[in-house]
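J.: Count along the sequence shown from 1, add 46, and you get the number used in the numbering used here. Note that the Cβ used here is the ideal one computed from N, Cα and C, for glycine as well. Computed from a predicted model, the values in this text were never measured in an experiment. Below is one structure. I have some questions about it.
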Amino acid sequence: MTATAIILVGPLSFAGPMGPHLARLWGFQRAGLHLVASSSTGGLILMTADWIGRNIVFPFQVPAGLLAAVVGGPFLLIMIARRS
47 MTATAIILVG PLSFAGPMGP HLARLWGFQR AGLHLVASSS TGGLILMTAD
97 WIGRNIVFPF QVPAGLLAAV VGGPFLLIMI ARRS
């Protein structure tokens, strides 16, 4: 279902499922702290991707969703592999 939502909405929604997983991997277990860490992580991912996308090739822009998916996907898989 998550993959279908990402395909339909676009790669910008990748931060939605990635934020909670990263927050859990960073040790936020309690519900209240996990909620705050998840939303902060998702926002930080998109803010960083947007900043890099605007500055990587200055006169042009790379979409933030594309950078979040291309860089964030392998990063998430590496963090999950380290945890196992």
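(1) Rounded to a whole number of angstroms, what is the C-alpha to C-alpha distance between Gly111 and Gly78?
(2) May I ask you to report which of helix, strand or coil DSSP gives Gly78?
(3) If distances are taken between C-alpha atoms only, which option among Pro63, His80, Gly62, Gly99 comes closest to Arg70?
(4) Exposed or buried, Gly73, counting other C-beta atoms within 10 Å across all chains shown (16 or more means buried)?
(5) Tell me the rounded alpha-carbon separation between Phe121 and Pro109.
(6) Do you know offhand how far Arg129's Cα is from Leu68's?
(7) Looking at the secondary structure, which residues open and close the alpha helix (DSSP H) in which Gly111 lies?
(8) Nearest to Gly119 by alpha carbon, out of Ala83, Gln75, Ala95, Met47?
T.: With the given structure in hand:
(1) Cα to Cα, the separation comes out at about 27 Å.
(2) Helix, per DSSP.
(3) Checked all of Pro63, His80, Gly62, Gly99; the closest Cα to Arg70 is His80.
(4) Exposed: under 16 other Cβ atoms inside 10 Å.
(5) Roughly 18 Å separates the two Cα atoms.
(6) Here the C-alpha atom of Arg129 lies approximately 11 Å from the C-alpha atom of Leu68.
(7) Boundaries of the alpha helix (DSSP H) harbouring Gly111: 110-129, taken from the DSSP string.
(8) When only C-alpha atoms are compared, the closest one is Ala95.
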